[in-house]
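Undergrad: Residue 86 in numbering that gives the first Met the number 0 sits at position 87 of the sequence shown; the count goes up by one each step and never skips.
Ideal Cβ placement from N, Cα and C applies to all residues, glycine included.
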Amino acid sequence: MTADATISPIDDTQEELLTVFIAGQQFGISILQIQDVLRTQRITPVPLSSPEIEGALNLRGRIVTAIDVRKRLRLPKNDNAHERMNVVVEHDGELFSLLIDKVGDVLRLDKALFDKVPQTLDAVWREVALGIYRLDGNLLIVLDVSKLLNFDEE
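Written out as structure tokens, the structure reads:
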């Protein structure tokens with residue numbers, strides 16, 4: 000096998016997702032939506048903002064709104080907040096940092112294995128999920144970034 004044959008190009012039947020962990024649950028975000036992945040950053044609080052908005056950070060001269068995904072998913076507070084990671088995504092021309100517990104791997108998955116969101120999933124999670132992949136006894140919930148960042152319906 001040559002070096003060129005080890006990684007095949009992605010096609011329309013596959014999807015690449017960055018896996019992230021929040022409160023022990025594995026989630027996936029399309030790599031096409033990701034701008035950057037950063038370690039813990041200094042975040043400045045924003046007065047009178049939604050509870051999910053942790054604050055703002057400066058990323059190479061651009062202001063980025065930091066979203067606490069644990070709060071957004073109504074999960075308990077992380078006692079190790081200083082170890083959080085930032086997954087920077089762009090939505091409607093603005094940058095947002097999704098504060099998550101840990102970054103996993105990039106997975107290339109067959110779209111034929113993608114399922115709709117199960118009704119048994121928590122209602123808050125169903126609202127922000129595109130669907131799921133079943134991986135070796137584990138659910139990978141694929142996040143819909145636009146819905147995750149929509150606080151209007153709250």
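1) With 16 as the cutoff for other CB atoms within 10 Å, does Arg-83 come out buried or exposed?
2) Using only the alpha-carbon positions, how far apart do Lys-70 and Leu-147 sit?
3) For Arg-61, which beta-bridge partners are listed by DSSP?
4) Quick check: the segment 31-39 against the segment 73-92, are there 3 or more CB pairs under 8 Å?
5) Below 8 Å on the Cβ atoms is my contact criterion, and I expect Val-68 with Leu-98 to pass it. Report the Cβ-Cβ distance as a whole number of Å.
6) Helix, strand or coil, according to DSSP, for Ile-30 in the structure here?
7) Reducing DSSP to helix, strand and coil, say where Leu-148 ends up.
8) Excluding the five sequence neighbours on either side, which residues of its own chain have a C-beta within less than 6 Å of the C-beta of Ala-128, listed in chain order?
9) List the DSSP bridge partners of Thr-43.
10) Determine the burial state of Asp-114: buried for a count of at least 16 other Cβ atoms within 10 Å of its Cβ, exposed for fewer.
11) Ends of the alpha helix (DSSP H) at Val-116?
12) By the 10 Å Cβ neighbour count, where 16 or more other Cβ atoms means buried, how is Ser-96 classified, buried or exposed?
13) Our contact map puts Ile-66 next to Ala-55 with C-beta atoms below 8 Å; I'd like the distance itself, whole angstroms only.
TA: This is what the structure gives:
1) Indexing the sequence shown from 1 puts residue 83 at position 84. Buried.
2) Here residue 70 refers to the residue found at position 71 of the sequence shown. Here residue 147 refers to the residue found at position 148 of the sequence shown. Roughly 11 Å between the two C-alpha positions.
3) Against the sequence shown, residue 61 aligns to sequence position 62. For Arg-61, which the question treats as bridged, DSSP gives the partners Leu-58.
4) yes
5) On the sequence shown, residue 68 is found 69 positions in, with the first residue counted as 1. On the sequence shown, residue 98 is found 99 positions in, with the first residue counted as 1. Contact flag correct, Cβ pair sits at about 6 Å.
6) Position 31 of the sequence shown, counting from 1, holds the residue named residue 30. Reduced to three states, the DSSP call for Ile-30 is helix.
7) What you label residue 148 is simply residue 149 of the sequence shown in a count that begins at 1. The answer is coil: DSSP assigns Leu-148 none of H, G, I, E or B.
8) For this step, residue 128 is matched to residue 129 along the sequence shown. Closer than 6 Å at the Cβ level, and outside the excluded window around Ala-128, lie Val-116, Ile-140.
9) Locating residue 43 in the sequence shown gives position 44, counting from the first residue. Thr-43 is bridged to Ala-55.
10) Position 115 of the sequence shown, counted from the first residue, corresponds to residue 114. Asp-114 should be labelled exposed.
11) The residue labelled residue 116 in the question sits at position 117 within the sequence shown. Taken as a continuous stretch (DSSP letters only), Val-116 belongs to no alpha helix (DSSP H), as it is neither H nor E.
12) Position 97 of the sequence shown, counting from 1, holds the residue named residue 96. So Ser-96 ends up on the buried side.
13) Taking the sequence shown and counting its residues from 1, the one referred to as residue 66 is at position 67. Taking the sequence shown and counting its residues from 1, the one referred to as residue 55 is at position 56. Not confirmed; about 11 Å, so no contact.
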